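Below is one structure; the comments refer to it alone.
2 protein chains.
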Amino acid sequence: MSTENALIDSALRTWKQNIDRTDKFFSGLSDQQLQQEIAPGKNRLIYLWGHLTAVNDALLPLLGVGPRLHPELDAIFVKNPDRFSPDTLTGKDLKRIWDEINQSLWTAYSKLTPAEWLQKHTTVSEEDFKKEPHRNRFTILLGRTGHLAYHLGQAVLTKEKN
Amino acid sequence: MSTENALIDSALRTWKQNIDRTDKFFSGLSDQQLQQEIAPGKNRLIYLWGHLTAVNDALLPLLGVGPRLHPELDAIFVKNPDRFSPDTLTGKDLKRIWDEINQSLWTAYSKLTPAEWLQKHTTVSEEDFKKEPHRNRFTILLGRTGHLAYHLGQAVLTKEKN
């Protein structure tokens, strides 16, 4: 494997590991457990899972690899705080959507070459990208991997000692 | 910048961004505020900060770039749970140690070439590394970046709405 492909491979493995951990945590919960708050007065687990699902879905157009599959998630899980919208999705619904989106992302990730990972993402202008070439697909991937970890760290507070 | 150097650059920027966010959060807190629990009965902020500091310190030998600067942190912040050890460090102490370690890491990171980032980390055997070449320095960097985000997500629960 070339140096550049091996670097991409590490990043994709780290993404996948965070997806798998998040999936393992949320998929095993009942609808009642998904109602738990991560701390008193804070977001419920269902909201965090929906939020991560919506943000992953938005990666498809942000990386320029496809249209959104579930733009309807944003009103519930991104643009508004928890409890603003009535609960219309069960854990089973969310699991299906989450899997669908992550599968689409993984298929797209697998097709990108190292040079394509370094191309600009779709919300930065050509002009800004010339000055700030780090605003590329790869930096987005790494940032969104951290976003998964950030909220998973919160979610586990409902379960584990730490 | 070559493709491989640009990929490293993205990863180092993402690391730095997480360090800066974590630093901004913890450095601004008083010793009294550092006593806050992230959720009832869970770790205190001082423990999370010490834990991240200790884990960063352990990166120096793990990446093979130098000896530990503060191995004494492990007994307090890694090997034992919060409140097991008496509080011997103030926020001011921790800030000094945190900065010292992160500066050493940054200096080391800046010297590694892409090929060196793909070399094995120090706790995997030569034999295992042949079979699993992704167990390299770069994968460790990405994993530890996620570790920062994971605990920062918990820490902010004491402050922000979400």
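These protein sequences, in sequence, are chains A and B. Note that our numbering gives residue 88 to position 88 of the first sequence, counting from 1, and the numbers run on in steps of one. Each number in our numbering comes from the position in the second sequence (counting from 1) with 1000 added on. Where a beta carbon is used, it is the ideal one built from N, C-alpha and C, also for glycine. Every value quoted in this text rests on a predicted model; they were computed, and no experiment measured them.
Legend entry - Closest by C-alpha distance to Pro133 (chain A), when choosing among A:Ala115, A:Arg144, A:Tyr150, A:Leu148: Taking the first residue of the first sequence as 1, we reach residue 133 (chain A) at position 133. Selected option, being the one with the closest Cα: A:Ala115.
Inset, instruction - Return the residue from the list A:Arg144, A:Thr107, A:Lys120, A:Leu73 that minimises the CA-CA distance to Thr87 (chain A). - result: Walking along the first sequence from the start, residue 87 (chain A) turns up at place 87. Contrary to the premise, residue 87 (chain A) reads as Asp rather than Thr in this sequence. Shortest Cα-Cα distance from Asp87 (chain A) to any of A:Arg144, A:Thr107, A:Lys120, A:Leu73 involves A:Leu73.
Inset, instruction - Note down, one range per segment and in chain order, each alpha helix (DSSP H) of at least 4 residues found wholly within the region 59-103 of chain A. - result: Counting whole runs of 4 or more residues, the region 59-103 of chain A contains the alpha helix (DSSP H) stretches 73-77.
Legend entry - Residue-chain proximity (Gln154 (chain A), chain B), Cβ-Cβ < 7 Å: By 1-based counting over the first sequence, the position of residue 154 (chain A) is 154. Taking 7 Å as the threshold, the shortest C-beta distance from Gln154 (chain A) to chain B falls below it.
Inset, instruction - List the whole-angstrom C-beta distance separating Ala54 (chain A) from Tyr1150 (chain B), where the pair is believed to meet the contact cut-off of C-beta under 8 Å. - result: Mapped onto the first sequence, residue 54 (chain A) falls at position 54. Mapped onto the second sequence, residue 1150 (chain B) falls at position 150. That pair is no contact at about 20 Å.
Legend entry - Nearest-angstrom Cα separation, counted from Leu48 (chain A) out to Ala155 (chain A): As a position in the first sequence, residue 155 (chain A) is number 155, starting the count at 1. As a position in the first sequence, residue 48 (chain A) is number 48, starting the count at 1. Each residue's alpha carbon lies about 8 Å from the other.
Inset, instruction - With distances taken Cα to Cα, identify the nearest neighbour of Leu1007 (chain B) among A:Met1, A:Leu142, A:Arg13, A:Asn18. - result: Within the second sequence, the letter at position 7 stands for residue 1007 (chain B). Comparing Cα positions, the closest option is A:Leu142.
Legend entry - Host alpha helix (DSSP H) of Asp1020 (chain B) (start-end): By one-based count along the second sequence, residue 1020 (chain B) stands at place 20. Element bounds for Asp1020 (chain B): 1003-1027.
Legend entry - Residue from B:Leu1029, B:Lys1042, B:Asp1009 whose Cα sits closest to the Cα of Arg1083 (chain B): The sequence position of residue 1083 (chain B) within the second sequence is 83, counting from 1. Each of B:Leu1029, B:Lys1042, B:Asp1009 was checked against the Cα of Arg1083 (chain B), and the nearest Cα belongs to B:Lys1042.
Inset, instruction - Below 7 Å CB to CB, which residues in the same chain sit around Phe129 (chain A) once its five sequence neighbours on both sides are set aside? - result: Translated into positions along the first sequence, residue 129 (chain A) becomes position 129. In the same chain as Phe129 (chain A), and ignoring 5 residues on each side of it, the C-beta atoms closer than 7 Å to its own belong to Lys120, Arg135, in chain order.
Legend entry - chain B residues whose Cβ lies nearer than 8 Å to that of Ile38 (chain A): Numbered from 1 along the first sequence, position 38 holds the residue referred to as residue 38 (chain A). Near Ile38 (chain A) (Cβ distances below 8 Å), the residues of chain B are Ala1039, Leu1157.
Inset, instruction - Taking only beta carbons into account, state which residues of the region 73-93 of chain A come closer than 9 Å to chain B, listed in chain order. - result: Taking 9 Å as the upper bound on Cβ-Cβ separation, chain B lies near residues Pro81, Asp82 of the region 73-93 of chain A.
Inset, instruction - Output yes or no for whether 7 Å exceeds the beta carbon distance between Gly1066 (chain B) and Leu1060 (chain B). - result: By one-based count along the second sequence, residue 1066 (chain B) stands at place 66. By one-based count along the second sequence, residue 1060 (chain B) stands at place 60. Yes.
Legend entry - C-alpha distance - Leu78 (chain A) paired with Glu1126 (chain B), whole-angstrom precision: Within the first sequence, residue 78 (chain A) is the residue found at index 78, counting from 1. Within the second sequence, residue 1126 (chain B) is the residue found at index 126, counting from 1. Inspection of the sequence shows that residue 78 (chain A) is occupied by Val rather than by Leu. The straight-line gap from Cα to Cα measures roughly 46 Å.
Legend entry - Sequence-distant residues of the same chain with beta carbon closer than 6 Å to Phe26 (chain A), five excluded per side: Position 26 of the first sequence, counted from the start, is the residue given in the question as residue 26 (chain A). Within the same chain, Phe26 (chain A) has close Cβ partners Trp49.
Inset, instruction - In the DSSP assignment, find the alpha helix (DSSP H) that holds Glu127 (chain A) and state where it starts and stops. - result: One-based indexing of the first sequence puts residue 127 (chain A) at position 127. Boundaries of the alpha helix (DSSP H) harbouring Glu127 (chain A): 126-131, taken from the DSSP string.
Legend entry - Contacts of Glu4 (chain A) in chain E (Cβ-Cβ under 7 Å): The question asks about chain E, but that chain is absent: this structure's protein chains are A and B.
Legend entry - 6 Å Cβ shell around Asn18 (chain A) - same chain, five flanking residues per side excluded: In the first sequence, counting from the first residue as 1, residue 18 (chain A) sits at position 18. Excluding positions up to five away in sequence, the list reads Thr145, Leu148, Ala149.
Legend entry - Proximity test, Cβ basis, 7 Å: Thr1139 (chain B) and chain A: Against the second sequence, residue 1139 (chain B) aligns to sequence position 139. Taking Cβ atoms only, chain A reaches closer than 7 Å to Thr1139 (chain B), which makes this a yes.
Legend entry - C-beta neighbour in chain A for Ser1010 (chain B), strict 7 Å: As a working note, residue 1010 (chain B) is residue 10 in the second sequence. So yes, Ser1010 (chain B) belongs to the interface.
Legend entry - Rounded distance between the beta-carbons of Leu29 (chain A) and Gly91 (chain A), thought under 8 Å: As a first step, residue 91 (chain A) must be located in the first sequence, where it is residue number 91. As a first step, residue 29 (chain A) must be located in the first sequence, where it is residue number 29. The beta-carbon distance between Gly91 (chain A) and Leu29 (chain A), rounded to whole angstroms, is 6 Å. This is short enough to meet the 8 Å contact definition.
Inset, instruction - Just the chain A side, please: which residues come within less than 8 Å of His1134 (chain B) by C-beta, in chain order? - result: Taking the second sequence and counting its residues from 1, the one referred to as residue 1134 (chain B) is at position 134. Correct list: Ala6, Asp9, Ser10, Arg13.
Legend entry - Cβ neighbour criterion (16 or more within 10 Å) applied to Arg137 (chain A): Mapped onto the first sequence, residue 137 (chain A) falls at position 137. Counting C-beta atoms within 10 angstroms of its own C-beta, Arg137 (chain A) has 16 or more neighbours from the protein chains shown and is therefore classed as buried.
Legend entry - Neighbour-count burial assignment, Thr1107 (chain B), 16 or more Cβ in a 10 Å radius: What you label residue 1107 (chain B) is simply residue 107 of the second sequence in a count that begins at 1. Sixteen is the threshold: since fewer than 16 other Cβ atoms of the shown chains lie within 10 Å of the Cβ of Thr1107 (chain B), the residue is exposed.
Inset, instruction - Determine whether the Cβ of Leu45 (chain A) lies closer than 7 Å to any Cβ atom of chain B. - result: The residue labelled residue 45 (chain A) in the question sits at position 45 within the first sequence. The beta-carbon of Leu45 (chain A) is placed no less than 7 Å from the nearest beta-carbon of chain B.
Legend entry - Ser1002 (chain B) burial status per 10 Å Cβ neighbour count (16 or more: buried): Counting from one through the second sequence, the residue named residue 1002 (chain B) turns up at place 2. Exposed, because fewer than 16 other Cβ atoms sit within 10 Å of the Cβ of Ser1002 (chain B).
Legend entry - Asn1136 (chain B) - partner residues in DSSP beta bridges: One-based indexing of the second sequence puts residue 1136 (chain B) at position 136. Partner(s): B:Lys1120.
Legend entry - Min CB distance Gly50 (chain A) to chain B below 7 Å: Here residue 50 (chain A) refers to the residue found at position 50 of the first sequence. Chain B contact via Cβ: absent.
Inset, instruction - Would you kindly check if the distance between the Cβ of Leu1069 (chain B) and the Cβ of Ile1046 (chain B) is under 7 Å? - result: The residue you call residue 1046 (chain B) lines up with position 46 of the second sequence. The residue you call residue 1069 (chain B) lines up with position 69 of the second sequence. No, the Cβ-Cβ distance between Ile1046 (chain B) and Leu1069 (chain B) is not below 7 Å.
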